[in-house]
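Engineer: Be aware that the sequence shown starts at 43, since it is given in our numbering, and climbs by one per residue.
The beta-carbon is built from N, C-alpha and C at its ideal position, and this holds for glycine as well.
Note that the structure is predicted; figures quoted are calculated from it, not measured.
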Amino acid sequence: MNSASTFKYGHFDDATREYVITRPDTPLPWLNYLGQDEFFGLCTNTAGGYSFWKDAKLRRLTRYRYNNVPYDLGGRYFYVNDGGEVWNPGWKPVKAKGVKYECRHGLGYTRIVGERDGLEVETLFFVPPGENLEVWKVTVRNKSAQRKTPKLFSYQEFCFFEALNDMTNYQRTYSIGEVEVEGSAIYHKTEFRERRNHYTLFACTRPIAGFDTSRDAFVGIHEGLHEAKVPFAGQATNSVAFGWNPIGSHQIDLDLAPGAEESFAFVLAYVEQGDAPKFDAPFVMNKSVGRAIVEKYSAPGAVDAALASLKAYWDALLGNFQVDCPNEHAQRMANTWNQYQCMATFNMSRSASMYETGIGRGMGFRDSNQDLLGFVHMIPSRARERILDIAATQLSDGTCYHQYQPLTKKGNADIGGDFYDDHLWLVLSTCAYIKESGDTSILQAPCAYADKAYENVITDTLLDHLETSIAYTIKKRGPNGLPLIGHADWNDCLNLNCFSTEPNESFQTAGDVRDSKAESVMIAGLFLYAAREMAGLYEHLDRNSDAARMRGHYAEMLDTVERVTWDGAWYTRAYAADGSVVGSHTNTEGKIFIESQGWCVLGGAGANNGRARQAMESVHRHLYTKNGVVLQQPAYSTYDKALGEVTSYPPGVKENAGIFSHNNTWIHLAWCQLGEGDRALEYYLSICPSAKQDQIDTYRGEPYVYAQMIAGKDAPCFGEAKNNWLTGTAAWTFVVVSQGLLGIKPDYAGLRIDPCIPKDWPGFKVTRRFRGDTFEITVSNPQHVSKGIKAVRVDGKDIDPTQAIRPAGDGRTHRVEVVLGE
Ligand code: GLC
Ligand code: GLC
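(1) Helix, strand or coil: how does DSSP classify Asn44 here?
(2) Is Gly332 helix, strand or coil when you go by DSSP?
(3) Determine whether the beta carbon atoms of Asn280 and Phe253 lie at a separation below 8 Å.
(4) Within 7 Å: the Cβ of Arg392 and any heavy atom of ligand 1?
(5) When you measure from the CB of Phe702 to every non-hydrogen atom of ligand 1, does any distance come out below 7 Å?
(6) In angstroms, rounded to a whole number, what distance separates the CA positions of Thr181 and Glu164?
(7) Assign Val779 to one of two classes, buried (16 or more other C-beta atoms within 10 Å of its C-beta) or exposed (fewer than that).
(8) Determine which residues share a DSSP beta bridge with Pro788 and list them.
(9) From the DSSP output, read off the bridge partner residues of Gln639.
(10) Using a Cβ-Cβ cut-off of 8 Å (strictly less than) and excluding sequence neighbours within five positions of Ser45, which residues of its own chain qualify?
(11) At the level of alpha carbons, what is the spacing between Asn651 and Ser562?
(12) Considering just the uninterrupted stretch of the alpha helix (DSSP H) at Ile665, what are its terminal residues?
(13) What residue range is occupied by the uninterrupted beta strand (DSSP E) comprising Ala307?
(14) Can you look up Glu744 in the DSSP assignment and give me helix, strand or coil?
(15) Using a Cβ-Cβ cut-off of 6 Å (strictly less than) and excluding sequence neighbours within five positions of Gln735, which residues of its own chain qualify?
(16) May I have the straight-line CA-CA distance separating Lys755 from Gly761, to the nearest angstrom?
(17) Looking at Arg408 and ligand 1, is the gap between the Cβ and the nearest heavy atom below 7 Å?
(18) Between the C-alpha atoms of Leu161 and Lys139, what's the straight-line distance to the nearest angstrom?
(19) Measure the alpha-carbon distance for Asp531 versus Lys137 and round it to whole angstroms.
(20) Does Asn211 pass the burial test, meaning 16 or more other C-beta atoms within 10 Å, or should it be called exposed?
(21) How would you call Asp409, buried or exposed, if buried means at least 16 neighbouring beta carbons within 10 angstroms?
(22) Measuring CB atoms only, is the stretch 236-248 touching the stretch 302-314, in the sense that at least three cross pairs come out at less than 8 Å?
(23) Is the stretch 814-823 close to the stretch 788-805, with three or more CB pairs under 8 Å?
(24) So, do the stretch 762-775 and the stretch 317-336 have three or more beta carbon pairs nearer to each other than 8 Å?
(25) How about Glu697: is its Cβ closer than 7 Å to a heavy atom in ligand 1?
(26) Report the rounded CA-to-CA distance for Gly116 versus Gly83, giving the unit in angstroms.
(27) For a test of the three-state rule: what should DSSP assign to Arg653, helix, strand or coil?
(28) Cβ atoms of Pro849 and Asp815: under 8 Å apart, would you say?
(29) Unbroken beta strand (DSSP E) runs of length 3 or more, entirely within the stretch 119-143: which are they?
(30) CB-CB under 8 Å to Lys271, same chain, minus the five flanking residues each way: which ones, in chain order?
(31) Taking only the alpha-carbon atoms, compute the straight-line gap between Thr510 and His826 and give it to the nearest angstrom.
(32) Between the Cα of Thr472 and those of Leu793, His662, Arg428 and Ser690, spot the shortest distance and give me the residue it belongs to.
(33) Using a threshold of 7 Å, is the CB atom of Gln781 nearer than that to any non-hydrogen atom of ligand 1?
(34) Check the DSSP bridge columns for Gly148 and list the partner residues they point to.
(35) Mark Gly621 as exposed unless 16 or more other C-beta atoms lie within 10 angstroms of its C-beta, in which case mark it buried.
(36) Which one of Gly361, Asn377, Ala372 and Tyr475 has the shortest CA to CA distance from Asn411?
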């Protein structure tokens with residue numbers, strides 16, 4: 043492992059599971075997430091970001107201005123005034139010269155250390171498990187030979203909870219801000235007098251020398267955060283905000299002998315009042331809940347204990363899957379960062395990142411179902427709840443709300459439904475959950491359709507939703523017998539029913555899908571996969587006639603796919619509303635697309651006639667690059683209203699021939715299915731962020747998480763990553779590594795082991811917790827093959843290699859030895 047090797051902006055520390063950033067001026071802000079349950083924060087390598095409870099749109103606690111200049115401004119700031127010199131440990135916003143800096147993004151925490159002129163200030167930000175608050179631990183060390191009396195000023199800006207209103211409705215918001223200050227605690231209580239039963243607490247666990255709650259007093263009117271008045275003056279004004287913009291700032295005066303240090307903490311909490319009376323006196327809030335929180339974290343050792351419980355939390359989660367293999371990138375991503383990113387997508391869906399403002403998209407139906415594939419092995423119980431929440435946003439006719447709000451769990455009516463792939467992903471997530479947990483009872487869980495949620499007695503079950511999903515695709519088919527596409531399939535930008543010539547409308551909602559005839563080959567491939575999953579599920583349930591029925595649907599769709607969609611060297615992509623083909627050699631642009639190759643092959647098309655391999659070789663010839671597989675070729679050069687948004691992007695980005703990492707993973711899995719381990723790893727590494735550190739000024743994104751998109755070969759910035767963090771790539775790459783390459787596949791009966799690795803790998807080891815048992819799996823590859831199992835031994839006994847390894851259910855560790863070969 044060369045985790046020690048240092049690249050321009052930093053390096054991995056695999057032992058501590060941290061990415062260490064050694065200079066603050068990274069090519070873009072590099073983000074981390076705080077929080078694991080219901081309270082979350084975004085935190086960049088210069089302490090930028092914001093916090094929210096459950097829903098970044100409806101319960102935003104602190105402010106952040108997106109797309110600012112500089113990009114990342116506003117966050118958890120500390121200003122140090124050391125003898126009149128003002129600087130920040132995280133460099134921003136003052137950006138003082140000569141600050142020695144290190145940021146360590148770890149699992150659920152970020153630690154930033156700044157040092158200047160013999161004074162070191164260490165800040166650590168995290169959310170303790172089970173809590174609705176952030177802890178900011180600060181340690182100030184005098185490393186100089188002189189006594190130092192620095193002043194420290196905390197700073198963050200409160201958000202009025204409803205983020206969109208907060209950033210648009212100033213005629214109201216400038217007049218509503220209210221705070222209270224009690225001791226070292228600042229209470230942000232805007233709208234508490236009316237319908238809100240919650241407030242934000244920002245408190246210090248140590249006595250303070252002053253405070254500010256008015257932004258105008260602290261920063262000024264014409265000043266920027268880098269020249270904020272109070273820290274430069276070295277004196278808080280004890281301002282009490284009335285309207286305008288409330289902030290929280292504490293002044294801490296320190297007196298440190300040479301070599302001395304002092305530690306204390308801040309708590310930023312979301313507090314619900316519960317049944318406690320709201321007021322102690324007119325205009326005086328009942329602060330009992332808040333006081334108890336401050337007291338709890340003021341106790342000696344409380345903060346360190348909370349941090350220890352965070353570490354234990356992540357060790358337990360990641361301990362469900364750990365690998366030791368010859369490729370350092372695959373190993374560190376699988377062991378740490380990829381699983382970590384999967385949890386971020388579970389928590390955030392596509393709502394809040396540096397590219398998602400937290401007010402737009404809520405939880406996506408298809409996105410959240412796919413995200414589940416990446417985290418179900420860590421927290422099956424929450425996967426269960428998530429599946430039922432998602433399913434409840436399906437309508438009884440089969441279509442689904444494309445997005446829903448996490449706080450209300452209600453479908454988002456603005457974007458609506460009619461994306462005709464959505465419902466099928468529910469089959470994949472449910473089957474993955476049952477294979478992992480063995481819990482078939484979820485199928486009988488009551489689950490109303492969104493349009494029947496008002497009914498008193500819920501008679502529909504999750505299994506009904508799955509049947510409805512399959513039936514919907516069968517019903518919604520076009521002239522070729524292929525599934526209709528609706529507004530779009532997985533590719534949100536292939537809008538075959540939109541025909542928009544009006545720049546003021548959304549591609550995704552414009553156009554009438556009723557009576558439309560446009561068909562999707564990708565949905566056909568996905569249907570094959572889903573129907574086969576349903577057949578397998580019914581077999582497991584001993585419902586053989588239902589299994590046979592599903593196999594019948596499968597066979598019929600397979601026949602259609604092979605009859606209609608083979609273009610000679612690959613599968614076509616779609617059939618437009620007028621019946622013309624999309625993704626064929628007969629097109630001048632967009633001749634070959636990635637999605638239908640991936641899904642047709644994964645669905646089992648081309649398996650017996652050589653087409654699967656041929657399709658994949660075409661992908662290699664026409665779409666593969668050293669930075670990943672581009673979405674289609676040639677890129678579209680002009681807007682075509684018959685195809686929609688896909689043709690709107692400049693060539694080489696997003697859905698117009700960008701490298702959309704998410705769909706690359708389907709190709710990785712397809713190579714694994716074909717037994718091509720060398721290809722699979724080569725493709726895997728082409729989009730792997732850990733492998734991009736030596737070209738980081740081109741790549742620019744965080745080297746520890748997958749990007750949604752990398753600019754394709756048609757773009758001037760080929761290889762540049764965007765939309766990092768919140769992407770289905772996280773879940774699917776984890777499926778690629780754990781199930782495709784390493785071949786550890788959960789199945790109804792138990793674990794199946796069927797790796798597909800590069801031939802030169804001598805073997806690998808995996809620790810896998812599964813239904814309460816722990817499997818220590820050692821795979822050896824003496825004949826240097828990619829695929830094929832010669833022998834499997836469990837606890838020293840040979841078993842039939844075609845059988846799944848059944849968990850003993852004894853909660854013990856079991857040794858599994860697998861020998862690959864012919
Ligand atoms: C975005 C969306 C996802 C979609 C993909 C391709 O990542 O979140 O739902 O499938 O783009 O358009
Ligand atoms: C745009 C993006 C696409 C994303 C969609 C979400 O179409 O290009 O990637 O899925 O918006 O609404």
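Structural biologist: This is what the structure holds:
(1) Residue confidence is low: Asn44 scores 44 on pLDDT, short of 50, so the model does not pin down where it sits. Its coordinate-derived value is still stated next. Of the three classes helix, strand and coil, the one that applies to Asn44 here is coil, per DSSP.
(2) helix
(3) yes
(4) yes
(5) yes
(6) 5 Å
(7) buried
(8) Leu793
(9) BP columns for Gln639 are empty, so no partner.
(10) With a pLDDT of only 48 at Ser45, under the threshold of 50, the placement of this residue in the model should not be trusted; the figure read from the coordinates follows. Cβ within range, chain order: His53, Phe54, Asp55, Asp56, Ala57, Glu370 and Arg374.
(11) 22 Å
(12) Sequence inspection shows Leu at residue 665; the Ile mentioned does not correspond to that position. It is not in any alpha helix (DSSP H) - Leu665 carries neither H nor E in the DSSP assignment.
(13) Glu303 to Glu314
(14) coil
(15) Phe49 and Pro745
(16) 8 Å
(17) yes
(18) 14 Å
(19) 46 Å
(20) exposed
(21) buried
(22) yes
(23) yes
(24) no
(25) yes
(26) 13 Å
(27) helix
(28) yes
(29) 119-124 and 127-129
(30) Ala259, Phe260, Val261, Gly262 and Glu265
(31) 46 Å
(32) Arg428
(33) no
(34) Tyr151
(35) exposed
(36) Tyr475
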